[in-house]
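For reference, the structure is listed below as structure tokens.
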Amino acid sequence: MQERYDPEAVEQEAQEYWRENECFAAKERPGARKFYCLSMFPYPSGRLHMGHVRNYTIGDTIARYRRMRGDNVLQPMGWDAFGLPAENAALERKVLPGAWTRDNIQAMREQLQRLGFGYDWRREFATCDPEYYRWEQWLFIRLFEKGLAYRKKALVNWDPVDQTVLANEQVIEGRGWRSGAPVEQREVEQWFLRITDYAEELLGALDHLEGRWPHQVLQMQRNWIGRSEGVEIRFALEGREEPLTVFTTRPDTLMGTTYMALAPGHPIVQEISRTNKGLHDFLNHPAQTSEESVQDREGHPLGLNALHPLTGEELPVWVANFVLMEYGSGAVMSVPAHDQRDWEFAHHHGLPIRQVIAPADGSEADLDAEAYTEWGVLVNSGAFDGLSSEEGYAAITRQLSEQGRGESVVRYRLHDWGVSRQRRWGCPVPMIHCGECGVVPVPEKDLPVVLDEALPPEADLPEDWKTVPCPKCGRLAQRDTDTFDTFVESSWYQARFCSHDADDAMLDERARYWLPVDQYIGGIEHAILHLLYARYFHKLMRDEGLVDGDEPFAHLLTQGMVLKDGHKMSKSWGNVVDPEPLIERYGADTVRLFVLFASPPEHTLEWSDSGVEGCSRFLKRFWRFVHQHRECASAAGVEADGLDAQQEELRRKLHETIRKAGHVAEQRHTFNTAIAANMELLNDLMHLSEAGKAEPALVRECLEAMLRMLTPIVPHVSHVLWRELGFDGVALEQPWPEADEAALQRSVEQIVVQVNGKVRAQLELAADISEDELQRKVLDNAKVQRFTEGKTVVRIIQVPHKLVNVVVRDA
RNA sequence: GCCGAGAUGGCGGAAUUGGUAGACGCGCCGGACUCAAAAUCCGGUGGGGUAGUCCCCCGUGUGGGUUCGAGUCCCACUCUCGGUACCA
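Numbering (our numbering), first residue to last: 270 to 1080.
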């Protein structure tokens, strides 16, 4: 046996064994309890960073633990391979995006394998594989046929020099990042997915994830979906047929409406501006409509009146720069007395302010200072006077609805998802535009529409690719040259891992076996978009009959960022720690151990090089200790009766550690504490050994359990030591240790004694001592008496097996 | 502004349910081994008082409260981080 811990040799041996025996090849075993453990797949940037190492170590530790618990575990890995960096690299280095991406995948796969993660590599795929995106195209066509995918005009960032569309991240201070030219907003026809059809379900289902997903993530998704209940009201316009529709959450304030405000982009505003020079000038005056001017509450009257739906009163209609076209109908009923923005606008433009809500407690609202936005009691509201806001809300809504002028509606902040990207390195949109037939999907037999990887991204698409016969009428038609948002690929990869090689369907029965993902692990930065889109896609696939269940991820763990010197590791801060040299120097196990030990998974991790050293030392000491006690391997079971007090105490510690580590692995995932407990155990074991009391049977029991507890965390060391000690089987396949209740029992206990809540003494007492006896011993104790002398004992509080608190009062 | 999370030694962090605050690790200090260094091992390490080991006081962002007892619960506040923002 190697006396010194040599990580390289150890890791080689373990990894070879796993590979040769295909230990991580997951097979469907109907009836067996399955566990699908998934870490968010990486973008193949070229090298792993610490965030990846952390993410994948957490995932692998959980997966290996579940396996020891007897679960049938699936842990796959793949590549989120489409995206902008590949196109940039292609431009900068004159390589092809596909080649660059696949080289990066190669390099990162090797790094992941070096870290010993137990992935089922047979299931690996990259989202740029045509066999993968083919099914994305297929599903998209299904959605199109169901009306869930549709086209509409939307604004894009257009770089007039590079003649290209830019992503939001590529627009820096209003200019194209590459050309430096001012970016224009252009209206372009784009594909959208009707995620708003699922808004209610996406929101409601969050409640069922409570306790399984971090609360923070649920709250962020709720806010993002942004449900609000209110009333849609139609105001008649003087001299016009079409009414003006507004949305309000406060119909109780309807009687306080004194004017109407429209967004600058509202069709009525646009129409009037053609004949109204003052309005036209206002709209084209950047000082009055730009984002910076919004705080100034600029506006302009339209010379148009709306009629109050209940009183018929004439209300002037204005354009106001703070009204958003994207929310609601782009128009609001303005109640300056009870909305702060309306109040500011009214002040600025001398519009009337009419109070219709009074504070419920009878106090006066100071409307000269600010709007009164609380709920209260209706006043100046005719027949509604005296009603509470809640009653007024209902009564006014009822009356509007009876008169056909309004009804209750639910609004969402969530917009439909624009999935068109005018990029090359992405999944082609499988659609054909025919002058005669309109938009026609590519027939299923012609899928996938393959991206020509040999074509540099800056080269024009060949005419014979762009122009094809219309599948319907046969006339020449144009292919859609856009690609999908890369979030589309990452919205269903978790399902495809189950059926990775299905070539006649997107998914098959295997997906029903494995899904949902039992534990998903990834960065908090994906709390909204990725996790919302993936939930949406799961529901789409469910409604296609492809998967069971309503949610893709049963449990979610969001790991914190890895910081260095208080900042996120990044090139611009120059504080990136490359995992590679650390693995080189200390070995994979030390790096794995450290990222788990340094902090709980959900916390941000402040990187420290010296911390790694500590973990390395622990493994070395452990290795050496095992080496020095090899003879224990042949020892028989521990005879509990033959142990002295110190040995008994150590054995108790062992079983406490087992209990703690089990709890951590099962529920809390605070692996730092489980590691600390094992470090303590090793320290105690070494002290026992120094005292000459390291009975082989006891040492064997400890080492066997420790190796099992450490197997998910430092699998290589555990694998080799397990074999070298000659224990049965392999570490990986061992059952997780169970704590022995009998060993946890104590005959003598340490009892803390407090007087008035302050610790004054500690007593060693028999565990089965009677209450009377205990009280007598406590009160007879000299240290206790120093604080009870001359006072009256009011009462004595006992926490069994732990603590006694003597409450005294001056006599 | 709003929503969420958090604040514990020089540092990362412990302390399932209110019950010995500071486990474990890093760093630092002292010692052993060594010609020396590295490695390794041993001891110490919240602040203060009394100065030896016995003991006392203070201490978990700030100020209040509940309780026999509060890092943990309640109220108010400060700061940090994450998200989001004229959402009618």
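Ideal Cβ positions, reconstructed from N, Cα and C, are used throughout, including at glycine.
Limits of the unbroken beta strand (DSSP E) element including residue i
i, result
"residue 528", "528 to 531"
"residue 325", "Where residue 325 is concerned, there is no enclosing beta strand (DSSP E), although the alpha helix (DSSP H) it sits in stretches over 319 to 337."
"residue 575", "568 to 576"
"residue 1022", "1017 to 1024"
"residue 1065", "1060 to 1068"
"residue 1078", "1072 to 1079"
"residue 737", "736 to 738"
"residue 428", "418 to 428"
Backbone CA spacing between residue i and residue j [nearest angstrom]
i, j, result
"residue 531", "residue 676", "20 angstroms"
"residue 351", "residue 458", "22 angstroms"
"residue 299", "residue 768", "15 angstroms"
"residue 318", "residue 885", "20 angstroms"
"residue 763", "residue 305", "10 angstroms"
"residue 489", "residue 796", "7 angstroms"
"residue 868", "residue 944", "11 angstroms"
"residue 777", "residue 641", "59 angstroms"
"residue 919", "residue 953", "7 angstroms"
"residue 924", "residue 978", "12 angstroms"
"residue 418", "residue 700", "12 angstroms"
"residue 233", "residue 881", "A query on residue 233 cannot be resolved here, the shown segment of the chain reaching from 270 to 1080 and no further."
Neighbour-count burial assignment, residue i, 16 or more Cβ in a 10 Å radius
i, result
"residue 1016", "exposed"
"residue 320", "buried"
"residue 301", "exposed"
"residue 697", "buried"
"residue 703", "buried"
"residue 901", "buried"
"residue 905", "exposed"
"residue 742", "exposed"
"residue 655", "exposed"
Residues near residue i by beta carbon distance below 6 angstroms, same chain, minus five either side
i, result
"residue 985", "279, 280, 283, 385, 858"
"residue 907", "966, 967, 970"
"residue 946", "926, 929"
"residue 1005", "337, 338"
"residue 1087", "Residue 1087 lies beyond the range of the chain shown here (270 to 1080); nothing can be said about it."
For residue i, the three-state DSSP class (helix, strand or coil)
i, result
"residue 700", "strand"
"residue 602", "strand"
"residue 677", "strand"
"residue 481", "coil"
"residue 453", "strand"
"residue 762", "helix"
"residue 344", "coil"
"residue 1050", "coil"
"residue 535", "coil"
"residue 651", "helix"
"residue 357", "helix"
"residue 863", "helix"
"residue 755", "helix"
"residue 692", "coil"
"residue 583", "strand"
"residue 796", "coil"
"residue 622", "coil"
"residue 1091", "With the chain running from 270 to 1080 in the structure shown, residue 1091 is simply not present."
"residue 722", "coil"
Close beta carbons around residue i, own chain, < 8 angstroms, minus the five adjacent residues each side
i, result
"residue 955", "890, 894"
"residue 816", "764, 776, 780, 781, 784, 807, 810"
"residue 1013", "921, 924, 925, 928"
Where the alpha helix (DSSP H) containing residue i begins and where it ends
i, result
"residue 889", "878 to 897"
"residue 1086", "Examination of residue 1086 is not possible in this model, given that the chain is present from 270 through 1080 alone."
"residue 942", "940 to 959"
"residue 433", "Element bounds for residue 433: not the alpha helix (DSSP H) but the beta strand (DSSP E), 433 to 435."
"residue 966", "965 to 979"
Residues of its chain near residue i, where Cβ-Cβ distance is below 7 angstroms and the 5 sequence neighbours each way are ignored
i, result
"residue 434", "425, 426, 427, 691"
"residue 262", "For residue 262 there is no data in the structure shown, the boundaries of the chain being 270 and 1080."
"residue 1072", "1020, 1021, 1023"
"residue 1082", "Residue 1082 lies beyond the stretch modelled for the chain, which goes from 270 to 1080, so this question has no answer here."
"residue 736", "745, 747"
"residue 695", "351, 752, 753, 755"
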